[in-house]
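Student:
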Amino acid sequence: MHSLEIGEFRITLVRAGSYWWDGGAMFGVVPKTLWSKHQPVDELNRIEAGFNCFVVENDSRRILIETGGGVRHDPRAAERMRLPDPPRIQEVLAAHGFEPESFDVVINTHLHWDHCGGNTVDTDSGVCPTLPLARYVTQRGEVEHAREQHPRDAMSYRAVNYEPLIDSGRMQLLDGDLEVAPGVEVRVTPGHNRDMMIVLVRSKRETWCHFADLVPYASQVTPTWVSGFDLFPLETIDSRTELFERAAAEGWWCSFGHDPKIAFAKIETAEGKWRTHHNRA
Ligand SMILES: [Zn+2]
């Protein structure tokens, strides 16, 4: 079990499988000679990207961060991503002992398909929330951007993952940072896109930070190792640097959107470079 205690909270990595995507796209302008030492490629130059979801719970609440990539993929796309039999998030959660009915809140850090693909299920009575009793939260600005369908990133958004939840009043649209539950804060952190949120859990002077796609891989603690997907790469570097300084100074545990091996790590700086330490699988 990939779990960590942060004060009164228990945080568990629930990896809803993984997909494989072009390594160069994941590392932007960084040369392959450097990043491939950390992320091995397959025969088509793809690297593994975990669908990293996290359960945050204490005695009074259970929160799910992200719902994975879901199961609605056309066969060609599935083959391109080495995703022949994607797992259903409810089954992955159940395998860890979490019943879908037990969640109070679902946080979507942003609405790219690989973070909210398991939000909804197709049933005989239509599209329903996968976590039937939960309040879903995301940023209003992210929904507006998704609806804009800009050619640069329209393919990352699939309305079935969020529009039915908005229509039925199950998704709360946030206008900025919010403590979604005592000790659990979402914070808008631009870079990957305008409105992506990181998640901070604080209890008894301990902190856990989920970077989501601000830092998809642990090796990207080098602030300039920015993904090619990012809409605002300079802001990614600024957001990362500011957070890494605090993470190192305060000894935060940190997690990453897609690292297929590392669940939790701390961050330190040495000889002018950032690196992770205390890595936990
Ligand atoms: Zn992602």
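If you count by our numbering, then the sequence shown holds residues 14 to 294, one letter each, in order. All C-beta atoms in this analysis are idealised placements derived from N, C-alpha and C, irrespective of residue type, glycine included. All values reported here derive from a predicted model rather than from experimental measurement.
Please determine if the region 145-157 and the region 97-108 are in contact, where contact requires at least 3 C-beta pairs separated by less than 8 Å.
Tutor: Contact fails: fewer than three Cβ-Cβ distances are below 8 Å.
Student: Write down the C-beta distance between Trp-287 and Lys-279 rounded to the nearest angstrom, noting that I regard them as a contact closer than 8 Å.
Tutor: Not quite, the Cβ-Cβ distance comes to about 11 Å (not below 8 Å), so this is no contact.
Student: Within the region 40-68, note down every full alpha helix (DSSP H) run reaching 4 residues or more, in order along the chain.
Tutor: With a minimum length of 4 residues, the continuous alpha helix (DSSP H) runs that stay inside the region 40-68 are 45-48.
Student: Which of the three DSSP states, helix, strand or coil, is assigned to Trp-126?
Tutor: Looking at Trp-126 - three-state DSSP - the assignment turns out to be helix.
Student: Report the residue from Ala-261, Arg-183, Asn-65 and Ala-260 whose alpha carbon sits nearest the alpha carbon of Thr-133.
Tutor: Answer by Cα proximity: Arg-183.
Student: Could you compute how far the alpha carbon of Asn-71 sits from the alpha carbon of Lys-50?
Tutor: Distance between the alpha carbons of Asn-71 and Lys-50 is about 38 Å.
Student: Taking Cβ positions, are Ile-76 and Phe-116 nearer each other than 8 Å?
Tutor: Their beta carbons are under 8 Å apart, which means Ile-76 touches Phe-116 by this criterion.
Student: Does at least one heavy atom of ligand 3 sit under 7 Å from the Cβ of His-271?
Tutor: Absence of ligand 3 is noted for the structure shown, with ligand 1 being the only ligands found.
Student: Considering only the alpha carbon of each residue, which of Thr-237, Thr-220, Glu-192 and Gln-52 lies closest to Glu-21?
Tutor: Nearest C-alpha to Glu-21: Thr-220.
Student: Return yes when the C-beta of Pro-246 is under 7 Å from any heavy atom of ligand 1, and no when it is not.
Tutor: Result no, Cβ not under 7 Å from ligand 1.
Student: Going by the CB atoms, is the gap between Leu-26 and Ala-276 shorter than 8 Å?
Tutor: Yes, the pair counts as a contact, with Cβ atoms nearer than the cut-off.
Student: So Trp-33 and Arg-89 are supposed to be a Cβ contact under 8 Å. How far apart are they, rounded?
Tutor: Their Cβ separation, rounded to whole angstroms, is 14 Å, which puts Trp-33 and Arg-89 out of contact at 8 Å.
Student: Taking 8 Å as the threshold, find out whether the region 200-215 comes into contact with the region 244-256 through three or more Cβ pairs.
Tutor: The region 200-215 is in contact with the region 244-256.
Student: Is Ile-275 helix, strand or coil when you go by DSSP?
Tutor: Reduced to three states, the DSSP call for Ile-275 is coil.
Student: Let me know the secondary structure DSSP gives Thr-289 once reduced to three states.
Tutor: Residue state, collapsed to three classes: strand.
Student: Closest to Val-119 by CA distance: which of Ala-29, Tyr-149, Glu-157 and Glu-104 is it?
Tutor: That would be Tyr-149, whose Cα lies nearest to the Cα of Val-119.
Student: So is the beta-carbon of Pro-99 under 7 Å away from any non-hydrogen atom of ligand 1?
Tutor: No - ligand 1 has no heavy atom lying nearer than 7 Å to the Cβ of Pro-99.
Student: Examine the Cβ distances between the region 39-47 and the region 149-159 and report whether three or more of them are shorter than 8 Å.
Tutor: No, the region 39-47 is not in contact with the region 149-159.
Student: When you compare only the Cα positions, how much space is there between Glu-56 and Asp-35?
Tutor: Each residue's alpha carbon lies about 11 Å from the other.
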